[in-house]
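Residue numbers (the working numbering), protein chains in the order written: chain A, 124 to 384; chain B, 124 to 384; chain C, 124 to 384; chain D, 124 to 384.
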C-alpha cells in the first residue's frame, strides 16, 4: 500500500537489478535475556487457541542488524518478546515461541512485516548496543521515555551451535481491523515462521547473566502502547534465566511464513 | 497488532481518563501546491474502478500538526498526494480526491492509519515548515535522500471559507497482502473519507504561486519506495496551478471512514 | 573555526543577500519555572567574583524558537538555568541573572554561542513543547536518558508587560582551555548580555504553578555532563516559585554582548 | 564550559571509576578517498604560515567509531578533510596533513575537540557506512541537504602496515573570536597532533578506486557552512587518487596535542 504504483521492493520482493545474498546478508548482533515469571500472568496475554508450553519464561532479544541486502546495505534494529506456547487450531498444531510483540526502529520494515507476514511490530527509538566494563547494554524508548533496559553481564564464551528446545518455529497473530466497523476484524489468523534457517551462520556466542526491566508508563508517556509496556512491566520476575550475546551472518527473508488454521 | 494485550489507544480509540477535543485539537499548518499534468500519465496510477474526474491536476499538501489530543499534545506531519477521480463500484459511486500516497513522520500514526482506515501511508523524514523572504518551504527525504520539495511564494491573503469543487470526500485503496501466497491479496477495497469535517475551523488562509519537485531516485537511494517517487517525478508539469498556506484548528478522527463496494 | 574558508554566517554575521528582521524574527514560546533552594548550595556553583543577589531561586526556561532569520526560517530550542547574582570585578560591577548552563538542540548555535559570546552551551535532545489538560510540559534528555522535566499548570492570563526585578542583564563565564597544558585556561572572563532587548515583543503571557525535576545520572548515562545534571539535581526544592508560558516575537542577536573586568 | 560545576569528563579527562583502554577502545571503520586538484585553489584555503607540501591532493576520510571508552561504549562518526602542508612559524616547523575541516555527528565531541585541541569541527548528519555490490558508500548532510558523498569501489586486500609519507602529524588552526570585538580574535594558533599513535592497531585494510563529491549549497541550504562546502565543491577534480577501507582498534586521546609557534 500504495499498490497502484506497482509492487514495493523489500525483503520478499526483489528489484530487477539487485542481488539477494542470504548467506552474507544480514550481519546481526543479538543480545538476549530471559526471566521466569508467573504462568497465569503470561496466559492472560495468549490469544485464543494458544497454551503455555513448558515453563513460563519470557525472552527479550535485541537484534542489531547491518549489511541488509534489501536495504542496499543499510541496517536497523528489532526487539522480540517471546515465550513458549503451543497452538492448536482446527487443522494445525505447532509448538514454539509465541512472538508477543516486536519493536523496530525502521518504519519501512514495520509496514511490510505487519502486512506481509503478520509480525506484531511497533516503533521504538533504540540506542546502539554498547559494552561497558564487560556488560552488554541495550535500551529502547519512545519520544524520550525509556521503557526497556536489558543487560547481559559476566559473559563467557559458549558453544556456537547451541541447540535450543525442539521448536516448530515462531508463532504470532496477524490481525487486521475492519474499516467502518470499529472493534471488528477483517482478518485474525495465526501465522508461523518455521524454525529452519539454513543460511544463518553463528560466528560467535557468549553467555552470561541477563537482566530485563520494563518501565511502567502513563498514557501520556506512551499514548499508543502504554498497555503493551505495562502488561510486560507487570510480569513478576521470579528468577533470571541467563542471557546471550551472539554474532551471526545470513538469514532468511521469511518467505516461508505461513498461515495455520 | 499486537491485539492480545488489549486494544491500542489512538485517534479512534480513547483511553478512559483522556478527553478528546475535536474543536481544538489538532492545530494544523497546511501548505499545498498543485500542477496540471498529462491525463494519460495519471490514469496509469489509478486503481481499477477509478477514472479521472475533471482536469488532471496533482495536489501535494504538507499538514504540520501540533496539539494532537490522542498524542497527549504532541504533533507530527503528513504529506498527501491527490488528484480528482471518480469511483464506480458495483453498488457505490463517489467523486472526490484520490489519495495516491501519504507520507508521515510518525510510525504510530502510519500503523493505525493503514490498518484502520486504509490510508496508503509511508514514512518520510520531514523538515519543519519554514518561511524565507515570504516563501513557504517544505521538504521531505529518507535517510538523507531528499525526494520532495514544495514551495509557495507571492503569498496574499485569501478567503478563509474558500469553497472547493463539490466532493464526496477522499478516496483510496486499502490493500492487505496474503501471507504465504505472495502477490495475492487478503483484502483490496476502496475506502472513502466523507468530505464533511464540521469541527475543523480555518483561521487564516493565504494563496500564492506553488511549485512541486519530486526527485528521481535509484533503488539504492529509496529501496522501498523508489517506484512511488519515480512515478510522481515522471509526471510532466504542464502548468503550475497555485498554492495555499492555511492555518486551521480542530478536525475529525476519521471514524466516518467507510468501505465502498 | 574553520576560519580559513572565510567568516561563517550566523546570528551576528550576515550573508550579503539575506535580510535580518529583528522585529519579526524569531518567534519564541518560552516556558519557565522557578524554585527556592538553599543559598549555600547555590553559592558552591558560582564562579569567583560572583555572589548571590537576593533570594536563592533557580529558574529553568525552555525557549522554543521558530522563524529564525539567520537559519533561513528554521528553528531550535534552548534551555537556560539561571539564578540571581552580582559580579564584582576589578573595574565592573553588575547584577542580574547568572546563566549557569544552557542546553540546545542545534550544534551550529552551540558552537557560535560558546565561541562568540561565551554562553555555556551543551547539547540535549529536547522534545517539542506540548500541552495536556491545560498543563504545559517540557522535557530534555541525551541518548535516551531523560534528565529534565518541567511543567507549568493552573495557567491563567497574566500581564504581558510584566516587570521583572531591576537587572543589568545576564552574566556568564566564558572559559577556553589551553591546548597542551591540561587544566589551564587560555581565557576565563565574565561576559554580560545587557538586559535591553527593544525589538522583543511579548504577545501573550500566562502564569501558573511550576515544577522542575532534574534526574540524577550515572557517568555512563551522561558521560560528558553527569556532573552538571547531578549538581542541579542535588539542589533542594524548598518551595516552588511559579511558572510562566510566554509567546513573543523578535529579539536581538546578542551583538551587544561584552566582557566585564 | 560550564566550568563552575567542575571539570567535564571526556577523552582527556577521566572520571574516578572508569577505566580508559587505549589498546581496545575505540574500534574504527575508516573509509577514505583522495583526488588531485589545482594547487593554487588549495593555497587559497591555507592559513598564514602554511604552504602546500608536495602534490595538491585532497583526502576525505569517514571514521565510523564504536566502543568508545569515554562515551561508556557508545560511538559516533567523524569526517576529516586534509591536504599536505608545511607550517613555518617563528620557532617551529612541521610538515604533515593540514586538517581543513572536520564534521562530526556528536555535539559533545565537537565541543571538547574545538576547545581543548583546536580541531575545526562542525556538525553533520552522517549516515551509517554501507556496502552495496562491493562498493563502500558514505554520505553526510545537514537538515536534509546532502552535501557530501564518498565511495570506494573495486576493493582488494592491501597491506595493513601501509607506510604513508613521512609526516610530523596533523596540523590545524585553533581560532577563538573575541567577545564584543566582532571580527577580532582572542586566540589564533597553530596546533599539531603528532603522528605517533602506538596503541592503534590496523586489523584489515582494503584499497580501491575512490570518488568524492561535494554538492554546492545556497545560504538557505546550509546557513552556517555553505562557504566551507562551496569552497570544497569548487576544487577541480583533476584525477582520482584512490581510496581505502580500514578496520582498526585502539588509538590515542590526543593528549599529545600541542601548540606550534
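All C-beta atoms, glycine included, are put in the ideal place defined by N, C-alpha and C.
Only a predicted model underlies this, so the values are computations on that prediction, with no experimental measurement involved.
Query, Result
"Taking its Cβ as the centre, do 16 or more other Cβ atoms sit within 10 Å of residue 147/B, making it buried, or is it exposed?", "exposed"
"According to DSSP, is residue 194/A helix, strand or coil?", "helix"
"Could you check whether the Cβ of residue 135/B sits closer than 8 Å to any Cβ belonging to chain F?", "The structure shown contains no chain F; its protein chains are A, B, C and D."
"Could you give the DSSP three-state label for residue 276/C: helix, strand or coil?", "strand"
"With a cut-off of 8 Å, do at least 3 Cβ pairs link the segment 304-314 of chain A to the segment 354-367 of chain A?", "no"
"Scan the segment 127-186 of chain B and note each continuous beta strand (DSSP E) run of 3 residues or more that stays entirely inside, going in chain order.", "150-159 and 173-175"
"Evaluate residue 157/A with the Cβ neighbour count: other Cβ atoms within 10 Å of its Cβ, from every protein chain shown; 16 or more gives buried, anything less gives exposed.", "buried"
"Taking only three categories from DSSP, how would you classify residue 349/D?", "helix"
"Going by other Cβ atoms of all chains shown within 10 Å of its Cβ, with 16 needed for buried, is residue 304/C buried or exposed?", "exposed"
"Let me know the secondary structure DSSP gives residue 354/B once reduced to three states.", "helix"
"Given a cut-off of 8 Å on the beta-carbon distance, is the pair residue 330/A and residue 302/A in contact?", "no"
"By DSSP's criteria, residue 295/C is part of a beta bridge. Which residues make up the other side?", "314/C"
"For residue 324/A versus residue 372/A, is the C-beta distance shorter than 8 Å?", "yes"
"On a Cα-Cα basis, can you pick out the residue from 131/D, 351/D, 265/D and 145/D that is closest to residue 376/D?", "145/D"
"Let me check understanding here. Comparing Cα to Cα, which of 196/A, 316/A, 226/A and 161/A lies closest to residue 265/A?", "226/A"
"Which residues of the segment 255-281 of chain D have a Cβ closer than 8 Å to any Cβ of chain A? Give them in chain order.", "255, 256 and 260"
"Within the continuous beta strand (DSSP E) that includes residue 239/D, where are the two ends?", "It is not in any beta strand (DSSP E) - residue 239/D instead sits in the alpha helix (DSSP H) that spans 230-240."
"Just the C-alpha distance for residue 208/C and residue 263/A, rounded to the nearest angstrom, thanks.", "41 Å"
"Under 8 Å between C-beta atoms, does residue 223/D make it to chain C?", "yes"
"Could you check whether the segment 128-136 of chain D touches the segment 171-180 of chain C, counting it as contact only if at least three pairs of C-beta atoms, one from each stretch, sit closer than 8 Å?", "no"
"Within 10 angstroms of its Cβ, does residue 211/A collect 16 or more other Cβ (buried), or is it exposed?", "exposed"
"Is there a Cβ of chain D sitting closer than 8 Å to that of residue 178/A, yes or no?", "no"
"Which stretch, first to last residue, makes up the beta strand (DSSP E) that contains residue 209/B?", "199-211"
"For a contact defined as C-beta to C-beta under 8 Å, what are the partners of residue 248/D on chain B?", "267"
"In angstroms with no decimal places, state the Cα-to-Cα distance between residue 326/C and residue 341/A.", "34 Å"
"Could you please give the first and the last residue of the uninterrupted beta strand (DSSP E) stretch that includes residue 246/C?", "244-246"
"Please check if any C-beta of chain C sits within less than 8 Å of the C-beta of residue 426/D.", "The question about residue 426/D has no answer, for chain D in this structure spans 124 to 384."
"Taking residue 260/C as part of the beta strand (DSSP E), name the residues at either end of that continuous run.", "258-265"
"On the DSSP bridge list, what partners appear for residue 219/D?", "208/D"
"Let me know if residue 214/D comes out buried or exposed under the rule of 16 or more other beta-carbons within 10 Å of its beta-carbon.", "exposed"
"How would you label residue 335/B, buried or exposed, when you count the other beta carbons within 10 angstroms and need 16 or more for buried?", "buried"
"Please say whether residue 220/C and residue 189/C have beta carbons closer to each other than 8 Å?", "no"
"I'd like to know whether the C-beta of residue 356/A is nearer than 8 Å to at least one C-beta of chain C.", "no"
"May I ask you to report which of helix, strand or coil DSSP gives residue 226/D?", "strand"
"Within the continuous beta strand (DSSP E) that includes residue 333/A, where are the two ends?", "324-337"
"Excluding the five sequence neighbours on either side, which residues of its own chain have a C-beta within less than 7 Å of the C-beta of residue 239/C, listed in chain order?", "135"
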